[in-house]
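Colleague: Numbering (full-length UniProt numbering), first residue to last: 1 to 593.
Heads up, the beta-carbon is just placed ideally off N, CA and C, and yes, glycines get one too.
One structure, pasted below without further comment.
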Amino acid sequence: MKSEEHFMQMLFGLSDWETNHEQSISIEALSEILCCTPRNVKLILRKWENEGLLRWKAGVGRGNHSTLTILCDTAHFFRSCFKRLLSEGKIKEAIELIQNKKLPPRIKHSLQETWDSQFGFVSEEGKTASLDVLRIPRSRGFSSLDPAFVSVAAESHFLYQMCHRLVFYEQETQTILPELAHAWESNEEQTAWTFYLRKGVRFHHGRILTGRDVEFTVQRLIDLDSPYRWQVDDIERIEHQSERILTFHLRQPNSFFLHFMGSMAMSILPYDLPFSEKAVVGTGPFRMAEYTDERLVLEAFDDYYRKRALLDRVEIWIVAGRHSSNQLYQLPEREIKPGAGNKEEDLVFEETGCHYIAFNFRRPGVHHDFAFRQAMQIVVDRNQLVGKLGEYAFSSAGSFLPKKSRSMSLPSSDLEEAVSWLRRSTYKGETLTLFISEGKLFDVVGKWIKRRCSQIGLEITFVPVTKANYLSDLMDREADMAIMGEVLQSDVELGLFELYKNKSTIVYRFMNDEMREVVDKKLSAVMRMSDREKRMDALMEIEEIFRQDLWILFIFHVKRIDRYDPALQGFVANSFGWLDFSKLWVKSFVTLL
Numbered sequence: 001m002k003s004e005e006h007f008m009q010m011l012f013g014l015s016d017w018e019t020n021h022e023q024s025i026s027i028e029a030l031s032e033i034l035c036c037t038p039r040n041v042k043l044i045l046r047k048w049e050n051e052g053l054l055r056w057k058a059g060v061g062r063g064n065h066s067t068l069t070i071l072c073d074t075a076h077f078f079r080s081c082f083k084r085l086l087s088e089g090k091i092k093e094a095i096e097l098i099q100n101k102k103l104p105p106r107i108k109h110s111l112q113e114t115w116d117s118q119f120g121f122v123s124e125e126g127k128t129a130s131l132d133v134l135r136i137p138r139s140r141g142f143s144s145l146d147p148a149f150v151s152v153a154a155e156s157h158f159l160y161q162m163c164h165r166l167v168f169y170e171q172e173t174q175t176i177l178p179e180l181a182h183a184w185e186s187n188e189e190q191t192a193w194t195f196y197l198r199k200g201v202r203f204h205h206g207r208i209l210t211g212r213d214v215e216f217t218v219q220r221l222i223d224l225d226s227p228y229r230w231q232v233d234d235i236e237r238i239e240h241q242s243e244r245i246l247t248f249h250l251r252q253p254n255s256f257f258l259h260f261m262g263s264m265a266m267s268i269l270p271y272d273l274p275f276s277e278k279a280v281v282g283t284g285p286f287r288m289a290e291y292t293d294e295r296l297v298l299e300a301f302d303d304y305y306r307k308r309a310l311l312d313r314v315e316i317w318i319v320a321g322r323h324s325s326n327q328l329y330q331l332p333e334r335e336i337k338p339g340a341g342n343k344e345e346d347l348v349f350e351e352t353g354c355h356y357i358a359f360n361f362r363r364p365g366v367h368h369d370f371a372f373r374q375a376m377q378i379v380v381d382r383n384q385l386v387g388k389l390g391e392y393a394f395s396s397a398g399s400f401l402p403k404k405s406r407s408m409s410l411p412s413s414d415l416e417e418a419v420s421w422l423r424r425s426t427y428k429g430e431t432l433t434l435f436i437s438e439g440k441l442f443d444v445v446g447k448w449i450k451r452r453c454s455q456i457g458l459e460i461t462f463v464p465v466t467k468a469n470y471l472s473d474l475m476d477r478e479a480d481m482a483i484m485g486e487v488l489q490s491d492v493e494l495g496l497f498e499l500y501k502n503k504s505t506i507v508y509r510f511m512n513d514e515m516r517e518v519v520d521k522k523l524s525a526v527m528r529m530s531d532r533e534k535r536m537d538a539l540m541e542i543e544e545i546f547r548q549d550l551w552i553l554f555i556f557h558v559k560r561i562d563r564y565d566p567a568l569q570g571f572v573a574n575s576f577g578w579l580d581f582s583k584l585w586v587k588s589f590v591t592l593l
């Protein structure tokens, strides 16, 4: 145990922490507090006296008590220990310290101020120059940073900072643009697609990108039976014309193939390194410097093939329950100059996607009855629920796409109508199981739905969706219904494809074989369409089946609200509401004191 940790342990065992207050205490009592022998206690006390931390007077003779006087500033001592824990990435220990019930209020307040100053943009002294650092709090750990299995919006964003694909989709122009491939072409039948790789693109471990890495990435999706394997199943063979030119030969025409090559699953990985989530190697603007259960640290990659990131480091701290979710892009305290704008502003971003109730058609039950699903749609009145949650952050959904929802009439219905539909159904009073996401939002949503169900005589039991039971088959086996959320990527067409085809989504998992056959047939037709508008119309026809037959119930869209300082420059947001870290910088940066 380090000396300062030992000293901290002693302080937590004392009743008086005041500086220069003499208190009586025996060697035996200190031995018990410090969990060591009386002899070692004397050695430790002598060391601390030499360091100026305390003064010890040994009681000599009957009736003379030993006394201890704290000489150091305990608030300063704890603040120093706290900062050391943070700098070493021991986030969990730092949180445990600030939550210690024996900590005096004034010291707890001091540590809380130090904690609050850690997030947003800070400047740190490096070996040769100051470093611009963005530190982001995250309320839960990461599910997966493996491109073959990534399924969460935030993870997809962080992965993109490390790994790039052959092409990428630009949302503003709705076009496919070059990334690791600088050009491409296809034959007239669109059964052969040739890509030309950029010269001199380096992976984070130093090697130059070649076509072999592209083939390795494709084969890996197949070998791992990735949920994204369907995106490459049409590839019959890959022909290498040189190290930088390769052709994909497909089994059938595919006008949509470029979109698949821009999928997050097609983040190109090096063939000569075994993949590890703790040491992801890609070609992106940031490289993984550290990944533990407590934080993810990304550092700017100096040999990035495009412009080097303006930030030097990005740190994501796992800090469950210790920070507001909208304080991502704030700056530390700074001097306000006369006439300068100093108000923080809100960055409001509406996610493309929605929260919905899915019915598990692979499990028998009353939810197969259309009349029952109609009753549930009335019970879960999206307009009333949005009113309860707050219209600023939520809006009623009738589609996965917010723009389409706004064009629809989404009327409310009376609970008496729900009772009527329930009576027409085959419901006999049985209890149904509804899986629901964890968190404060869903506590409110769950309680509201449970109360509404009880008002019409519908028995519902709720089960939280944890990471473990989402990744297992528990929901497939035991859920009658589930409340889930989907956020579509910038390439909305690809996002809708993944919603219906990705084996990890609840939409796919809860469809029975007949439903999947209907959807697959329509998606196969979409892949042969060259015109984007026709593809979107066809994809909306699939959504219309879900809406009319009540395969799912659309509930609400979410708006993300992040607070930022006007001094922040380089805003480029993706469809997940995250800003591209490689573009961010701070005007007139101020160093933390």
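#1: So, for Ile27: in the same chain, excluding its five sequence neighbours on each side, which residues have a beta-carbon less than 6 Å away from its beta-carbon?
#2: Check the DSSP bridge columns for Tyr291 and list the partner residues they point to.
#3: Whose C-alpha, out of Ile268, Met288 and Thr283, is nearest the C-alpha of Glu277?
#4: Apart from the five residues on each side of it in sequence, which residues of its chain come closer than 7 Å, Cβ to Cβ, to Ala265?
#5: Need the endpoints of the alpha helix (DSSP H) that Val160 sits in, please.
#6: Determine the burial state of Gln99: buried for a count of at least 16 other Cβ atoms within 10 Å of its Cβ, exposed for fewer.
#7: By DSSP's criteria, Val348 is part of a beta bridge. Which residues make up the other side?
#8: Are the beta-carbon atoms belonging to Tyr169 and Ser490 less than 8 Å from one another?
#9: With a CB to CB cut of under 6 Å and the five nearest residues on each side skipped, what residues in its chain are close to Ala375?
#10: Determine the direct distance from the alpha carbon of Ser143 to that of Ile483, and round the result to whole angstroms.
#11: Nearest-angstrom Cα distance between Gly262 and Leu474?
#12: Can you determine whether any heavy atom of the ligand COA sits closer than 7 Å to the C-beta of Pro402, and answer yes or no?
#13: For Arg451, tell me which candidate among Val380, Pro411 and Met8 has the shortest Cα-Cα distance.
#14: Is it buried or exposed, Asp480, if we count other Cβ atoms within 10 angstroms and call 16 or more buried?
#15: When the Cα of Pro411 is compared with those of Gln384, Val348 and Thr191, which residue comes out closest?
#16: On the criterion of 16 or more Cβ atoms from any shown chain inside 10 Å, does Phe370 qualify as buried, or is it exposed?
#17: Three-state secondary structure (DSSP) at Gly59?
#18: Which residue wins for smallest C-alpha separation from residue 614, given the options Gln252, Arg406 and Ala192?
#19: To the nearest angstrom, how far is the alpha carbon of Ser186 from that of Asp233?
#20: For Phe510 versus His355, is the C-beta spacing smaller than 8 Å?
#21: Quick check: the region 183 to 199 against the region 238 to 258, are at least 3 beta-carbon pairs closer than 8 Å?
#22: Which complete beta strand (DSSP E) runs does the region 414 to 498 hold, if anything under 3 residues is left out?
#23: So is Pro270 buried or exposed if we call it buried at 16+ other beta carbons inside 10 Å?
#24: If you draw a straight line from the C-alpha of Phe280 to the C-alpha of Ser582, how long is it?
#25: Any contact between the region 62 to 80 and the region 16 to 32? By contact I mean 3 or more CB pairs, one from each, below 8 Å.
#26: If you draw a straight line from the C-alpha of Tyr470 to the C-alpha of Ser267, how long is it?
#27: Does the beta-carbon distance from Ala94 to Leu103 come in below 8 Å?
#28: Could you check the C-alpha separation between Ser413 and Leu209 for me, to the nearest Å?
#29: Please say whether Ile238 and Ile250 have beta carbons closer to each other than 8 Å?
#30: Inspect the CB distances between the region 296 to 307 and the region 116 to 128 and report whether three or more fall short of 8 Å.
#31: According to DSSP, is Tyr500 helix, strand or coil?
#32: How big is the Cα-Cα spacing for His157 and Cys453?
#33: Taking the straight line between their C-alpha atoms, what separation do you get for Asn326 and Gly211?
#34: Taking only the alpha-carbon atoms, compute the straight-line gap between Met162 and Gly282 and give it to the nearest angstrom.
#35: Can you check whether the CB of Ile25 is closer than 8 Å to the CB of Leu34?
#36: Along the chain, where does the alpha helix (DSSP H) that runs through Ile542 open and close?
Modeller: If we stick to the structure as given:
#1: Only Pro38 and Val41 meet the Cβ criterion.
#2: Partner(s): Leu296.
#3: Glu277 has its Cα closest to that of Met288, out of Ile268, Met288 and Thr283.
#4: Cβ contact annotation for Ala265 (same chain, cutoff 7 Å, sequence separation greater than five): Pro147, Ala148, Leu221, Ser226, Tyr228 and Gln231, in chain order.
#5: At residue 160 the sequence reads Tyr, which differs from the Val that was named. Element bounds for Tyr160: Ala153 to Met162.
#6: Counting Cβ neighbours within 10 Å, Gln99 comes out exposed, since fewer than 16 surround it.
#7: Looking at the DSSP assignment, Val348 forms a beta bridge with Ile561.
#8: Cβ atoms of Tyr169 and Ser490: closer than 8 Å.
#9: Cβ within range, chain order: Ala418, Trp421 and Leu422.
#10: For Ile483 and Ser143, the distance between alpha carbons rounds to 19 Å.
#11: Looking at the two C-alpha atoms, the distance is approximately 32 Å.
#12: This structure simply doesn't include the ligand COA, nor any ligand for that matter.
#13: Of the residues Val380, Pro411 and Met8, the one whose Cα lies closest to the Cα of Arg451 is Val380.
#14: Asp480 is buried by the Cβ-count criterion.
#15: Taking each of Gln384, Val348 and Thr191 in turn and checking the Cα distance to Pro411, the smallest one comes out for Gln384.
#16: By the neighbour-count criterion, in which 16 or more other beta carbons inside 10 Å mark a residue as buried, Phe370 falls on the exposed side.
#17: Gly59 falls in the coil class under three-state DSSP.
#18: Beyond the ends of the chain as shown, which are 1 and 593, falls residue 614; an answer cannot be given.
#19: Straight across, the Cα-Cα distance linking Ser186 with Asp233 is about 18 Å.
#20: Taking 8 Å as the Cβ cut-off, Phe510 and His355 do not qualify as a contacting pair.
#21: Under the Cβ criterion (8 Å, minimum of three pairs), the region 238 to 258 counts as touching the region 183 to 199.
#22: Counting only runs of 3 or more, we get 431 to 437, 459 to 465 and 481 to 487.
#23: The Cβ neighbour count for Pro270, taken over all protein chains shown within 10 Å, is at least 16; the residue is labelled buried.
#24: Reading the sequence as shown, one finds Val at residue 280 and not Phe. Roughly 18 Å separates the two Cα atoms.
#25: Under the three-pair Cβ rule at 8 Å, the region 62 to 80 counts as touching the region 16 to 32.
#26: Going by the C-alpha atoms only, they are around 24 Å apart.
#27: Contact flag unset, no.
#28: Cα to Cα, the separation comes out at about 58 Å.
#29: It should be pointed out that residue 250 corresponds to Leu in this sequence rather than to Ile. Taking 8 Å as the cut-off, the beta carbon of Leu250 is found no closer than this to the beta carbon of Ile238.
#30: Judged by Cβ distances under 8 Å, the region 296 to 307 makes no contact with the region 116 to 128, as fewer than three pairs qualify.
#31: Tyr500 falls in the helix class under three-state DSSP.
#32: His157 and Cys453: Cα-Cα distance of roughly 37 Å.
#33: Below a pLDDT of 50, predicted positions are generally treated as unreliable, and Asn326, at 49, falls in that range; no measurement from the model is reported.
#34: Roughly 5 Å between the two C-alpha positions.
#35: Contact flag unset, no.
#36: First-last of the alpha helix (DSSP H) with Ile542: Arg532 to Gln548.
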